[in-house]
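Worksheet: one structure, shown below.
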Amino acid sequence: MDLGDVTAKILSEWKCIESTPGERQEPLQPTSPGSPMESVCSSPEMCYPNEHHEIRDFSLDFTGRKVTAAGQRQSKSKMSTKRRLKASEREKMRMRSLAEALHHLRDYLPPDYSKRGQPLTKIQTLKYTIEYINKLSDILSRA
DNA sequence: TAGGCCATCTGGTCCT
DNA sequence: AGGACCAGATGGCCTA
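According to the numbering used here, the stretch in the first sequence is residues 20 to 162, in order.
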């Protein structure tokens, strides 16, 4: 069995899964053309156009930020302000790389899901990836 | 309006 | 000491 056969078989089996949504633990969300998440946040690049979150964070951090529970905790922080800001920046970058990795992971899943309008959520991406890998493993073990 | 999803901030903890 | 990772809290955006 060559790669083409395997791929075709996987896709055909995948379509079988798609046609039986009852088997899914987490049914796909209904189609909604022009999904906001797809248009706004389907990729890290689109998620952070012109670093708009940076702008929002900056205003929150340095200009009249509302007092919140987190803000109240800040007064108890033992970290210096400089170090805290630095840690926040690193954490932001870390979470962005995680989101980017998840977006990249979506590209490896069969395209059927994205055809339904709504992009996969992070959790859906992980769950379907596990399912997909199990499918591949099953097919390979039977080959 | 409620609920889901997401990005971000933050403090705690572990590791180097 | 400082970086990485984690989990809780928070607020914004969007859809049903």
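The C-beta atom is built at its ideal place from N, Cα and C for all residues, glycine as well. A quick note: this is a predicted structure, and the numbers were derived from the prediction, not measured.
Rounded C-alpha distance that separates residue i from residue j
i	j	result
Y147	Y127	11 Å
R109	S116	11 Å
P138	H123	13 Å
S156	A106	40 Å
S160	I152	12 Å
K141	L121	7 Å
K97	R103	9 Å
R113	E119	10 Å
Top-ranked residue by Cα proximity to residue i, from the options
i	options	result
T144	M112, M114, M98, R125	R125
P129	E150, T100, K105	E150
Which of helix, strand or coil DSSP assigns to residue i
i	result
K154	helix
S99	coil
L159	helix
Y147	helix
Check: residue i C-beta below 8 Å from any heavy atom of the ligand HEM
i	result
Q137	Only the bare structure without any ligand can be found here, which leaves the ligand HEM out of the picture.
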